[in-house]
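Residue numbers (this note's numbering), protein chains in the order written: chain L, 2 to 223; chain U, 3 to 316. To start, the structure under review is shown below, and the notes come after it.
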């Protein structure tokens with residue numbers, strides 16, 4: 002999933018202070034799972050805003066809607082008939098949803114209510130960890146199913162570096178060395194001989210480096 | 003050394019190693035400013051006692067005068083620099099470009115490194131690059147040198163002619179891949195190794211034994227890295243704070259066991275004893291003495307270790 006984190010309420014307040022009719026818009030997908038922008042968080046943010054404006058003695062209309070997804074036309078279209086009831090929208094979707102909303106409702110300020118962090122997994126309740134950076138050319142088959150691009154702080158393809166200590170990365174105490182994990186997996190899979198194969202220089206043109214990316218499937222295109 | 007010696011580059015360091023001498027290298031950290039004397043003065047202190055001088059590349063991710071410019075200063079003094087190059091700050095365009103820049107001054111040695119993560123330094127909020135890794139940088143320099151081509155495939159007019167080195171940390175984890183990792187660096191094209199600072203001699207010798215078991219010591223010149231402690235505090239700091247560093251308790255105890263004003267002498271003594279012990283160890287082809295901001299001690303260490311005068315090879 003795409004993992005996000007709620008923006009501090011003060012930061013959100015600053016962006017909406019001048020508006021009178023605000024829609025807090027949640028998303029029922031990734032941000033719901035990572036508890037940053039689903040129906041529950043929409044309710045929490047809306048209540049906090051109501052309280053803030055009440056304390057300011059200002060009357061502000063604050064509504065709550067949570068869409069199935071904010072990255073699909075069909076769900077965003079559900080807002081077509083009532084979008085003009087609002088001066089702005091605080092989207093609690095990831096950066097994709099915020100932008101897709103902004104593209105669709107071109108004359109409406111769409112403000113982000115979360116910081117989009119990474120593609121990751123729920124490691125345990127309340128802990129989400131990064132697993133993928135979308136480099137566009139998956140090499141997990143060669144690295145024991147552990148990604149050096151997203152999980153090594155130096156994204157080394159022929160690691161580990163000299164900073165790996167007791168299985169931990171030099172960058173921080175709670176960050177596991179990706180190459181320690183890779184070596185453990187290779188051992189488990191009886192593929193340690195693969196370790197000595199030098200991974201060649203990566204083609205980053207499929208990554209962010211190549212510019213904004215697009216996937217086009219002619220066979221499913223309408 | 004009656005056998006004819008073959009070398010692949012004009013590097014003086016390579017010639018000394020190829021002739022079977024124990025080589026001595028040392029390092030100078032460039033200043034946090036643009037005064038060239040900060041480099042040339044350090045180099046003056048050690049130049050007669052070492053065969054080549056490494057110049058660090060923004061070590062610990064603290065911004066400094068560039069390694070390349072510092073190497074040029076050494077070259078202009080008639081000395082033998084080892085250009086340290088990390089892949090943290092430059093993509094493949096900048097790396098190849100700087101390699102050519104160095105080659106244009108006939109800088110004939112390069113040490114290919116990953117580089118400490120930027121979070122350690124003065125630019126923790128900066129981006130890192132890591133377009134290629136240190137293993138691939140070794141391959142890149144060898145490709146540019148041996149094939150005379152850029153990574154993109156185009157021909158290089160007057161290719162770089164560098165003796166290619168890499169680092170090895172026998173003490174980092176996981177220990178079991180430390181020898182395979184060296185094998186990988188050799189396969190990538192590394193010709194000499196400068197190791198992480200050695201304080202745990204037993205562990206280093208164990209690593210070296212495994213290196214010899216695979217015959218790797220015949221394929222690469224290993225220079226043992228040493229950094230003398232200035233104080234017991236430094237020993238404790240290195241033990242507890244520097245990632246990938248292995249300082250055994252008895253070494254810390256030895257440093258703490260002498261009076262404060264005698265600790266620097268003790269640190270130098272430990273360094274000299276280590277050299278004397280490792281001099282006799284098969285597979286050690288020389289020493290890389292990293293006396294951090296303490297370059298004036300290098301000549302004494304080299305002399306006491308019985309490694310002076312240095313061979314005169316041109």
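The C-beta atom is built at its ideal place from N, Cα and C for all residues, glycine as well.
Would you kindly work out how many angstroms separate the C-alpha atoms of residue 31/L and residue 242/U, rounded to a whole number?
40 Å
Let's test the definition: count the other Cβ atoms within 10 Å of the Cβ of residue 141/L and tell me whether it reaches 16, buried, or not, exposed.
exposed
Can you pull the chain U residues whose beta carbon is under 9 Å from the beta carbon of residue 184/L, in chain order?
The answer, in chain order, is 176, 178 and 179.
Taking the alpha helix (DSSP H) that residue 267/U falls in, what are its first and last residues?
265-281
If you scan the region 19-78 of chain U from start to end, which runs of the beta strand (DSSP E) of 3 or more residues do you find wholly inside it?
25-30 and 54-57
Pull up the CB-CB distance for residue 178/L and residue 168/L, whole angstroms please, since I reckon it's below 8 Å.
6 Å
Quick check on this structure: which residue in 97/U, 190/U, 110/U and 272/U has the alpha carbon closest to the alpha carbon of residue 198/L?
190/U
When you compare only the Cα positions, how much space is there between residue 4/U and residue 190/L?
Bear in mind that the predicted position of residue 4/U carries a pLDDT of just 47, short of 50, making it unreliable; the figure below should be weighed with that in mind. Answer to the nearest angstrom: the Cα atoms are 49 Å apart.
Determine the DSSP secondary structure at residue 249/U, reduced to helix, strand or coil.
When DSSP states are grouped into helix, strand and coil, residue 249/U belongs to the coil group.
Thinking C-alpha only, which one of 138/U, 57/U, 162/U and 137/U is nearest residue 149/U?
162/U
If contact is defined by three or more beta carbon pairs under 8 Å, each pair taking one atom from either stretch, is the region 151-161 of chain U in contact with the region 171-183 of chain U?
The region 171-183 of chain U is not in contact with the region 151-161 of chain U.
Per DSSP, which one or two residues make a beta bridge with residue 6/L?
Its beta-bridge partners are 116/L.
Any Cβ of chain L within less than 9 Å of the Cβ of residue 59/U?
no
Does DSSP classify residue 168/U as helix, strand or coil?
strand
Answer yes or no: does any C-beta atom of chain U fall closer than 9 Å to that of residue 220/L?
no
Give the secondary structure of residue 211/U by DSSP, where H, G and I count as helix, E and B as strand, and everything else as coil.
Residue state, collapsed to three classes: helix.
Of all the options 207/L, 125/L and 154/L, which has the alpha carbon lying nearest to the alpha carbon of residue 129/U?
Distance from the Cα of residue 129/U is smallest, within the candidate group 207/L, 125/L and 154/L, for 154/L.
Among residues of its own chain, excluding the 5 on either side of residue 222/U, which ones have a beta-carbon nearer than 7 Å to its beta-carbon?
188, 192, 193, 194 and 195
Tell me whether the beta-carbon of residue 134/U lies closer than 9 Å to the beta-carbon of residue 78/U.
no
Enumerate in chain order the residues of its own chain whose CB-to-CB distance from residue 137/U is below 7 Å, with the five nearest sequence positions on each side excluded.
186, 187 and 190
For residue 230/U versus residue 269/U, is the C-beta distance shorter than 9 Å?
With respect to the 9 Å criterion, residue 230/U and residue 269/U are classified as neighbours on the basis of their beta carbons.
Counting only Cβ pairs nearer than 7 Å, list the residues of chain U close to residue 156/L.
132
Check whether the region 12-32 of chain L and the region 90-101 of chain L are in contact - that is, three or more C-beta pairs closer than 8 Å.
yes
Residue 141/U CB to nearest chain L CB: under 9 Å?
Closer than 9 Å to some Cβ of chain L, the Cβ of residue 141/U qualifies, so yes.
Chain L beta carbons: is any one of them nearer than 9 Å to that of residue 202/U?
no
Please confirm whether residue 245/U has its beta-carbon closer than 9 Å to some beta-carbon of chain L.
yes
Take the Cβ of residue 175/U as the centre, count every other Cβ of all protein chains shown within 10 Å, and call the residue buried at 16 or more, exposed below.
buried
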